[in-house]
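Read the structure below first, then the notes.
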Amino acid sequence: MTDDKKFMKLALSLAKRGRPSPNPKVGAVIIKDGRVIAGGYHKKAGEPHAEIEAIKNAKPEQLNGATLYTTLEPCVHKNKRTPPCVPAIINAGIKKVVCAMKDPNPEVNGKGIAALRKANIEVVVGLCENEARVLNESYIRYITKGLPFVTMKIAMSLDGKIATKSGDSKWISGEESRRLVMKMRDAHDAVMVGVGTVLKDNPHLTCRLKGAHNPIRIIVDSKLRTPLSANILKDANGKVIIGCGRDFDKKKKRALESLGAKIFSCPNIDGRVDLKKFMKILAREGITSILLEGGSELAGAIVDSGLVNRFCFFIAPKIIGGRNAKTPVGGVGTETIKDALQVGKIRVRRVGADVLLTADIPS
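Okay, so the sequence shown: first residue is 1402 according to the numbering used here, each after it adds one.
Below, the structure written as structure tokens:
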């Protein structure tokens, strides 16, 4: 591995520590005479960006003539809670900037690079770009499409069932898989279920790992059938957002709001929840990534709407059987095989006794 790549890999590893959503994850390291003199990462939205953190962590006399490695193009826009990074880089006396990728945000895209070059700073773009894009796949979709990145998590048997014919589903997957799902909740801005899951399972949808954060809980509930006593409403650690349709009880809406739920009515032509509109609303709320955990019907509706970016199938070594036992993806589905959703890259790994199959949808 070249030194350049080694330093960028270090910046990428720093970037993973942050939780800055809806901002991108960014890491930065400063190099002088072939050694690391400082590093930093963007911890959370509203706090200093990675480049500023790295500059602050270095001694001023070390910065003149140094090289900065950053996982994303330094910003120039001034309409943020924190000052732009480019002036700080110029004023520090840094003479070379290596960035993994351009910022897809149109307020920055190429402008930060141009400003640095105008100040006679050498700029190299594209080192470890693929890794940087994977790191910020949610941010990229959020910025370029105005939509969250949606990962559908499904626990199913070897014969493709998510519950028995009686509806029993606890537990199809093993303990190791369930622990990994907790980590997935921690890594996402929000968890989404349909009201059917709320009525049947009464879940908390919290993250039961030490030091983890509770994601925002999202319910797709056309007629606002979510009980006021639902566990999902009891936890003060995370917000609850409900998407409803056209026909709902106004009193129930006010009662749910009094318990802290934020409710958006976005009906489609049939009066149910228009999922595309709802996803746009969620993005405007600053949600860049969603872990979809709820039910066959919601899964089918999300797939039918073309809103899934990744599938995570936890496949347990069990055979459930039964023509009336539910399969993972309901909804309308396709009439012909040629119209079936074609997945792209597939990865397979063992998780305890289970197999996790991850499939990405080509963008």
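Here a beta-carbon is modelled for each residue, glycine too, at the ideal position from N, C-alpha and C.
Beta-ladder partner(s) of R1436, from DSSP
K1433
Beta carbon of V1733, beta carbon of G1707: below 8 Å?
no
Skipping 5 residues on each side, what residues in its chain have a beta carbon closer than 6 Å to that of M1585?
L1692
For A1564, the three-state DSSP class (helix, strand or coil):
Residue state, collapsed to three classes: coil.
Would L1528 pass as a contact of L1413 if the rule is Cβ separation under 8 Å?
no
What is the residue span of the alpha helix (DSSP H) that L1413 lies within?
For L1413, the uninterrupted alpha helix (DSSP H) run begins and ends at D1404 to A1416, by DSSP.
Our contact map puts I1573 next to K1719 with C-beta atoms below 8 Å; I'd like the distance itself, whole angstroms only.
7 Å
For E1538, report the span of its beta strand (DSSP E) as first-last.
Here E1538 belongs to no beta strand (DSSP E); instead the alpha helix (DSSP H) covers E1538 to K1546.
Along the chain, where does the beta strand (DSSP E) that runs through E1523 open and close?
E1523 to V1526
Thinking C-beta only, is P1729 closer than 8 Å to I1555?
I1555 places its beta carbon less than 8 Å from that of P1729.
The beta strand (DSSP E) spanning M1557 covers which residue range?
F1550 to S1558
How should L1559 be labelled, buried or exposed, when 16 other C-beta atoms within 10 angstroms of its C-beta is the threshold for buried?
exposed
Start-to-end residues for the alpha helix (DSSP H) that takes in M1585
For M1585, the uninterrupted alpha helix (DSSP H) segment begins and ends at E1576 to A1588.
From the DSSP output, in three-state form, read off F1649 for me.
Looking at F1649 - three-state DSSP - the assignment turns out to be coil, as it is neither helix nor strand.
Write down the C-beta distance between I1432 and E1474 rounded to the nearest angstrom, noting that I regard them as a contact closer than 8 Å.
Not quite, the Cβ-Cβ distance comes to about 18 Å (not below 8 Å), so this is no contact.
Are the CB atoms of G1696 and G1597 within a distance shorter than 8 Å?
Closer than 8 Å, so yes.
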